[in-house]
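Residue 109 in full-length UniProt numbering sits at position 109 of the sequence shown, with consecutive numbering throughout. Each residue gets a CB set at the ideal place from its N, CA and C atoms; glycine is no exception. Worksheet for the structure shown next.
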Amino acid sequence: MLTRNYLLYDVFTTERLAGNPLAVVLDSKGLDTAAMQAIAGEFNLSETVFVLPPDNPKHRARIRIFTPDYEMPFAGHPTVGAAIALSEMAGDGDTAGIFVLEENIGPVRCAVSKHDGASFAEFDLAKLPEQLELSADPEAIGAALGLGPHEIGFENHRVSFWSAGVPYVTIPVADLEAAARIKLDNQAWSELAPRKSDWALASPYVYCRETVNHDSAFHVRMIVLGNPSYEDPATGSAAAAFAGAIMHFDGPREGVSQRWIEQGLEMGRPSRIRLELNVEGGKLAAARIGGHAVKVAEGRMFV
Numbered sequence: 001m002l003t004r005n006y007l008l009y010d011v012f013t014t015e016r017l018a019g020n021p022l023a024v025v026l027d028s029k030g031l032d033t034a035a036m037q038a039i040a041g042e043f044n045l046s047e048t049v050f051v052l053p054p055d056n057p058k059h060r061a062r063i064r065i066f067t068p069d070y071e072m073p074f075a076g077h078p079t080v081g082a083a084i085a086l087s088e089m090a091g092d093g094d095t096a097g098i099f100v101l102e103e104n105i106g107p108v109r110c111a112v113s114k115h116d117g118a119s120f121a122e123f124d125l126a127k128l129p130e131q132l133e134l135s136a137d138p139e140a141i142g143a144a145l146g147l148g149p150h151e152i153g154f155e156n157h158r159v160s161f162w163s164a165g166v167p168y169v170t171i172p173v174a175d176l177e178a179a180a181r182i183k184l185d186n187q188a189w190s191e192l193a194p195r196k197s198d199w200a201l202a203s204p205y206v207y208c209r210e211t212v213n214h215d216s217a218f219h220v221r222m223i224v225l226g227n228p229s230y231e232d233p234a235t236g237s238a239a240a241a242f243a244g245a246i247m248h249f250d251g252p253r254e255g256v257s258q259r260w261i262e263q264g265l266e267m268g269r270p271s272r273i274r275l276e277l278n279v280e281g282g283k284l285a286a287a288r289i290g291g292h293a294v295k296v297a298e299g300r301m302f303v
């Protein structure tokens with residue numbers, strides 16, 4: 001039996017007990033997949049990161065990301081949280097650190113700095129969003145969320161299906177009031193949702209232009225099918241997929257632009273995700289996800 005250190009971070013927030021909680025298990029060498037899955041189930045957070053030596057010695061670390069039920073190819077808040085945790089452990093201080101984390105999706109370039117008095121990390125998308133085929137009827141999708149047809153869509157935004165490594169059904173709704181009333185019908189969603197794997201269904205990512213915070217561009221919610229279903233307070237991989245919908249419907253101007261996305265407010269875990277788009281020749285050339293993270297706890301486990 002070995003002693004392994006772990007850290008708990010709240011990600012996409014500057015305040016403790018807000019944002020999306022993350023467990024970072026250090027010294028993970030020697031743990032097999034089954035052990036990592038069991039430990040992630042023990043923490044029972046939306047995701048747990050396991051830090052391993054990198055395959056390429058020029059990179060900072062290899063990380064594996066697990067939900068309580070399965071391994072992820074990539075996820076946003078684990079990437080931001082792990083980057084900040086490793087930077088703070090290395091004593092990078094107030095200087096910006098740039099390094100690569102190896103994830104199942106491929107090498108992910110990260111940059112960590114101090115922003116608004118707290119640690120801030122952003123990472124380049126290893127895979128740009130692509131639109132996927134969606135056969136489900138938008139009215140049926142709205143009904144599965146407890147909304148009427150008149151509440152689905154705004155301006156030219158329509159229901160669509162995108163993936164930047166993890167697929168999501170992006171669902172525009174009329175306003176904050178409609179977003180606040182969504183309630184996922186597990187049975188209805190399981191009958192119409194596209195699959196993200198042989199056994200898992202893509203999750204709904206609901207968004208509207210109306211926001212609570214004046215500097216946010218979008219207000220979003222993401223619900224995960226389950227028994228019971230649960231809401232995620234901040235979803236970086238969904239924001240990465242959402243970049244495709246923004247490009248498709250909003251047609252951002254040439255150059256680099258940033259948008260803040262607010263999430264988690266309905267569940268009392270307010271989060272802020274920064275999405276940066278780099279548009280060249282009318283196409284998305286690159287995108288980055290960024291956010292803060294704060295350490296909440298640290299400890300040792302015996303496995």
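For residue i, is the classification buried or exposed, using 16 other Cβ atoms within 10 angstroms of its Cβ as the cut-off for buried?
{"i": "residue 7", "result": "buried"}
{"i": "residue 314", "result": "No information on residue 314 is available, as it lies outside the stretch 1 to 303 that the chain covers here."}
{"i": "residue 82", "result": "buried"}
{"i": "residue 316", "result": "Beyond the ends of the chain as shown, which are 1 and 303, falls residue 316; an answer cannot be given."}
{"i": "residue 165", "result": "buried"}
{"i": "residue 354", "result": "There is simply no residue 354 to check, as the chain begins at 1 and stops at 303 in what is shown."}
{"i": "residue 232", "result": "buried"}
{"i": "residue 122", "result": "buried"}
{"i": "residue 214", "result": "exposed"}
{"i": "residue 230", "result": "exposed"}
{"i": "residue 163", "result": "buried"}
{"i": "residue 19", "result": "buried"}
{"i": "residue 12", "result": "buried"}
{"i": "residue 133", "result": "exposed"}
{"i": "residue 147", "result": "buried"}
Which residues does DSSP pair with residue i in a beta bridge?
{"i": "residue 283", "result": "280"}
{"i": "residue 203", "result": "168"}
{"i": "residue 3", "result": "302"}
{"i": "residue 219", "result": "208, 262"}
{"i": "residue 289", "result": "123, 275"}
{"i": "residue 61", "result": "101"}
{"i": "residue 27", "result": "BP columns for residue 27 are empty, so no partner."}
{"i": "residue 8", "result": "23, 297"}
Thinking just about the alpha-carbon of each residue, which of the options is nearest to the one in residue i?
{"i": "residue 226", "options": "124, 88, 190", "result": "190"}
{"i": "residue 32", "options": "66, 56, 23", "result": "66"}
{"i": "residue 185", "options": "99, 140, 117, 39", "result": "140"}
{"i": "residue 60", "options": "108, 251, 117", "result": "108"}
{"i": "residue 75", "options": "86, 153, 63", "result": "63"}
{"i": "residue 14", "options": "148, 270, 3, 88", "result": "270"}
{"i": "residue 228", "options": "50, 256, 183", "result": "183"}
{"i": "residue 188", "options": "138, 151, 218, 235", "result": "138"}
For residue i and residue j, I'd like the C-alpha separation in whole angstroms.
{"i": "residue 73", "j": "residue 21", "result": "19 Å"}
{"i": "residue 145", "j": "residue 267", "result": "17 Å"}
{"i": "residue 291", "j": "residue 254", "result": "23 Å"}
{"i": "residue 113", "j": "residue 157", "result": "35 Å"}
{"i": "residue 193", "j": "residue 71", "result": "21 Å"}
{"i": "residue 258", "j": "residue 286", "result": "12 Å"}
{"i": "residue 99", "j": "residue 195", "result": "33 Å"}
{"i": "residue 304", "j": "residue 37", "result": "Since the displayed the chain opens at 1 and closes at 303, residue 304 lies outside it and no answer follows."}
{"i": "residue 149", "j": "residue 173", "result": "10 Å"}
{"i": "residue 282", "j": "residue 288", "result": "17 Å"}
{"i": "residue 127", "j": "residue 105", "result": "8 Å"}
{"i": "residue 304", "j": "residue 273", "result": "Here the chain covers residues 1 to 303 and nothing more, so residue 304 does not appear."}
{"i": "residue 119", "j": "residue 135", "result": "42 Å"}
Measure the Cβ-Cβ separation of residue i and residue j and say whether it is below 9 Å.
{"i": "residue 244", "j": "residue 284", "result": "yes"}
{"i": "residue 90", "j": "residue 170", "result": "no"}
{"i": "residue 300", "j": "residue 263", "result": "no"}
{"i": "residue 223", "j": "residue 206", "result": "yes"}
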